[in-house]
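Trainee: Start counting the sequence shown at 1370; every next residue gets the next number (the numbering used here).
To start, I am sharing the structure in question, which I have written as structure tokens.
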Amino acid sequence: MKKKSLIMSKFLVVILIFSMVIGGAAFAEEVPQLPLAENAEAAGETPLAEEAETETSNNDVVETEAEPEIAEEAQEAAPAETEAEQPSTEISETAAEEPAPIEKAPISLMSIAFGTYGTCPWDISDSGVLTIKAGTLPETSNNNARPWKDYNAQITSVVVKPDVIAASNSAFLFSGLSKATSIDLSGLDTSNTTNMNNMFSHCKALTSLEISNLNTDKVTDIDFMFASCTSLTSLDVSKIDTSRLKTLISVFNNCANLTELTGLENWDVSQVYDMNSLFRQNIIKDLSGIEAWNTVALKDLNSTFYRAKGITSLTCLLGMCQELQTCTLPFPNQH
């Protein structure tokens, strides 16, 4: 009996379980299956597709909103870029244009030699103009002292600017400028110069010499000063102070074309004892200026007028030659 009851209980349990399974299946069939999206909505979740679309649309909105800002920024940046690019544009335009011609000094002002002599800047232009500028010149003492001596044959003229101070010894300062046709010393200060020996000697092409402003108050030597200036035709020496001179040796020697010599009447030769070759080999026609010379100290007239072909008369030259010991006057046809 108990067995039957146990079997019956088990059977009822099986029936119950079966009924429950069958009932659950039937309930599942009756309840409609919601779509995944609806289920997701019901659960408060956003479907992935919509999320993607939303993100896309949001991005579009952001981009759409950003576009005006970017456009505005681009517009604001554009002038700056334009301004930044402008110089390069100008440079490229300038580079594209023909270069402006370089202004050059006139060819006559281009130096072929230059330097400093003492404290005086000097230069020689390619046309041969020797220019000496303000400063103090050093002692010259001999013919090789001048820095432009290597260009003697290239110098065509000399210009001395104002405030050039000559040294005490200015011997040979412009000697040997064989091609120079003019020398202008209007700016040269010679107030302390004592020696002008050979200052212009052998300037064979010289035709114009401006020495009217030379201060010769302290000069004691002008021997050979104008010797062998063979192209010089006229010269005014009235401003040369000769009162301290002891010799007048070859001052105008071999001035072969010198016909007019003015200012001699102003010369004080009272201390001069030697006039050796003073007027030798020139064609000066008028020496009347020497008629009033005081030659009280004169001792030597050797070759003073040797081959002075222009002289036609001499008056009273030897009138006061108290110390004269020898005087030889050769006949013209002997030479």
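Just so you know, even glycine gets a beta-carbon here, dropped at the ideal spot from N, CA and C.
State the DSSP-derived secondary structure class of A1661, mapped to helix, strand or coil.
Mentor: Three-state DSSP puts A1661 in a helix.
Trainee: Starting from I1552, trace the beta strand (DSSP E) in both directions and tell me its first and last residue.
Mentor: Per DSSP, I1552 belongs to the beta strand (DSSP E) from 1551 to 1553.
Trainee: Expressed to the nearest angstrom, what Euclidean distance is found between the alpha-carbon atoms of C1572 and A1596?
Mentor: Rounded to the nearest angstrom, the two C-alpha atoms are 8 Å apart.
Trainee: Pairing CB atoms from the segment 1602 to 1617 with CB atoms from the segment 1540 to 1557, are three or more of them under 8 Å?
Mentor: The segment 1602 to 1617 is not in contact with the segment 1540 to 1557.
Trainee: Going by Cα to Cα distance, which pick from F1621, A1625, E1660, A1666 is closest to T1673?
Mentor: Among F1621, A1625, E1660, A1666, the Cα nearest to that of T1673 belongs to F1621.
Trainee: So, is A1661 buried or exposed, given that buried needs 16 or more other C-beta atoms within 10 angstroms?
Mentor: Per the 10 Å Cβ criterion, exposed.
Trainee: T1681 CB to nearest chain C CB: under 7 Å?
Mentor: The chain labelled as chain C is not found in the depicted structure, where only one protein chain is given.
Trainee: With H, G and I counted as helix, E and B as strand and the rest as coil, what does DSSP make of P1404?
Mentor: Unreliable placement is indicated for P1404, whose pLDDT of 45 sits below 50; the coordinate value is still reported in the next sentence. P1404: coil per DSSP, three-state reduction.
Trainee: So, for I1384: in the same chain, excluding its five sequence neighbours on each side, which residues have a beta-carbon less than 8 Å away from its beta-carbon?
Mentor: Cβ within range, chain order: n/a, list empty.
Trainee: Between which two residues does the beta strand (DSSP E) holding C1489 run?
Mentor: Per DSSP, C1489 belongs to the beta strand (DSSP E) from 1489 to 1494.
Trainee: By the three-class DSSP mapping on this structure, what secondary structure does I1471 have?
Mentor: In this prediction, I1471 scores a pLDDT of 37, lower than 50, which makes its location untrustworthy; no coordinate-derived value is stated.
Trainee: Does I1580 come out as helix, strand or coil in the three-state DSSP assignment?
Mentor: It is coil, neither helix nor strand.
Trainee: Can you pull the DSSP bridge partners for G1504?
Mentor: Per DSSP, V1533.
Trainee: For P1490, collect the residues of the same chain with a Cβ closer than 6 Å to its Cβ; drop the 5 residues on either side in sequence, then sort them by chain order.
Mentor: Counting only Cβ-Cβ distances below 6 Å, and skipping sequence neighbours, we find K1502.
Trainee: Can you check DSSP and say which residues form a bridge with E1629?
Mentor: BP columns for E1629 point to S1603.
Trainee: Can you check whether the CB of A1574 is closer than 7 Å to the CB of T1550?
Mentor: Yes. Within cutoff.
Trainee: Along the chain, where does the beta strand (DSSP E) containing Y1486 start, and where does it finish?
Mentor: Per DSSP, Y1486 belongs to the beta strand (DSSP E) from 1480 to 1486.
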